[in-house]
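To start, the structure under review is shown below, and the notes come after it.
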Amino acid sequence: MFKPIEERLPIKAIISKQIEEAILSKQFLPDEKLPSENELAAQFSASRTSVREAIQNLAAQGLIRVEKGKGIFVNHITSDTVVTPMAKYLRLKLDRNYVLDLVHARQILEPAIAREAALNHREKDIEVLENALIKLEESTGGYEELAQLDMEFHQDLARATRNIVVPMLLKPIHALLPDLKSTVYANVDEAKESAVLWHGKILEEIKNRNGDGAAAKMLEHLKIAERHAEMILKKNK
């Protein structure tokens with residue numbers, strides 16, 4: 006099944022790579038049991054320590070799970086398998102520069118997403134976006150709820166592109182936003198009014214299938230979001 010190690014790379018990295026490739030090429034299917042540590046060590050002609058480190062690495066990525074007393078099993082691969090480790094990494098790095106990088110990343114990605122949503126949406130996407138806008142406008146909940154409802158609109162917009170990869174690209178960025186957004190809603194009086202206004206403007210352009218208009222409105226919306234973030238950062242210096 007696996008080849009003895011000959012490459013001049015860290016042994017645990019080579020073991021991880023071969024097992025990962027076997028999983029991604031469907032040699033092992035979800036919930037299927039992998040060989041034991043001893044069996045893997047024999048197949049790779051490597052120590053159990055190196056195999057154990059490789060297994061820990063793959064488990065951290067979400068590709069496999071270790072069930073005590075039962076063995077090593079392949080996980081079901083979902084978008085969260087990719088998104089969760091990336092979101093954790095970004096959260097660890099979250100400081101002043103990364104907050105602004107986060108906002109700037111949205112300014113790069115989300116206008117293009119709004120354009121694609123305008124061009125490719127279906128009628129049911131408009132209904133979903135309208136409901137998201139109404140929920141935000143009518144919310145009387147706390148700042149955390151407002152932050153969540155705000156992000157739901159943007160997530161629904163990503164799905165309206167009808168490109169299955171786009172929501173996955175945005176998800177790790179959006180996973181970091183509720184904390185920042187709730188702080189903005191708590192400290193910037195006009196934050197909710199601004200979000201409702203600009204979400205409405207973006208939605209109008211999408212309804213009209215005006216790709217350039219939707220992109221322009223999204224960029225304006227995110228420029229305001231940048232100013233709000235800078236206000237919070239200055240306040241917390």
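Going from the sequence shown to our numbering is simple: count from 1 and add 5. Glycine included, each C-beta is placed from N, C-alpha and C at the ideal position. It should be emphasised that the depicted structure is a prediction, and the values quoted were computed from it without experimental measurement.
Bounding residues of the beta strand (DSSP E) (the contiguous stretch that carries residue i)
| i | result |
| --- | --- |
| Gly76 | 76 to 79 |
| Val71 | 69 to 72 |
Host alpha helix (DSSP H) of residue i (start-end)
| i | result |
| --- | --- |
| Glu42 | 42 to 49 |
| Glu58 | 53 to 66 |
| Leu138 | 128 to 143 |
| Leu162 | 148 to 164 |
Paired residues, beta bridge with residue i - DSSP
| i | result |
| --- | --- |
| Lys212 | Its beta-bridge partners do not exist; DSSP assigns none. |
Collapsed DSSP secondary structure at residue i in the structure displayed
| i | result |
| --- | --- |
| Lys38 | strand |
| Val5 | It is not possible to answer for residue 5, since the shown part of the chain is limited to 6 through 242. |
| Val201 | helix |
| His109 | helix |
| Ile82 | coil |
| Lys31 | coil |
| Pro15 | coil |
| Asp194 | coil |
| Leu227 | helix |
| Leu114 | helix |
| Leu181 | coil |
Cβ-based neighbour list, residue i, same chain, cut-off 6 Å, excluding 5 preceding and 5 following
| i | result |
| --- | --- |
| Leu134 | Asp161, Leu208 |
| His81 | Pro35 |
| Lys38 | Gly76, Phe78 |
| Arg53 | Glu42, Ala46 |
| Lys206 | Lys222 |
| Ala122 | Leu162, Ala165, Thr166, Ile211 |
Interface flag, residue i vs chain C, CB-CB below 8 Å
| i | result |
| --- | --- |
| Ile20 | Protein chain content of the structure displayed is limited to a single chain, and chain C is not contained in it. |
Same chain, Cβ closer than 8 Å to residue i, five either side skipped, listed in chain order
| i | result |
| --- | --- |
| His159 | Glu115, Leu175, His179 |
| Val201 | Leu138, Leu141, Glu142 |
| Leu105 | Glu231, Ala234, Glu235, Leu238 |
| Ala117 | Ala220 |
Residues near residue i in its chain [Cβ-Cβ closer than 7 Å; skip 5 each side]
| i | result |
| --- | --- |
| Ser199 | Ile229 |
| Leu63 | Ser21, Ile24, Glu25, Ile69 |
| Lys212 | Ile131 |
| Val71 | Ile60, Ala64, Ile77 |
| Lys240 | Asn192 |
Original post:
Can at least three beta-carbon pairs, one atom from the segment 171 to 180 and one from the segment 124 to 143, be found at a separation below 8 Å?
Top reply: no
Original post:
Is it true that the segment 180 to 192 meets the segment 220 to 229, where meeting means three or more beta-carbon pairs spaced less than 8 Å apart?
Top reply: no
Original post:
Is there contact here, the segment 210 to 222 with the segment 152 to 159, by at least three beta-carbon pairs under 8 Å?
Top reply: no
Original post:
Does the segment 15 to 34 come close enough to the segment 54 to 67 to have 3 or more Cβ pairs within less than 8 Å?
Top reply: yes
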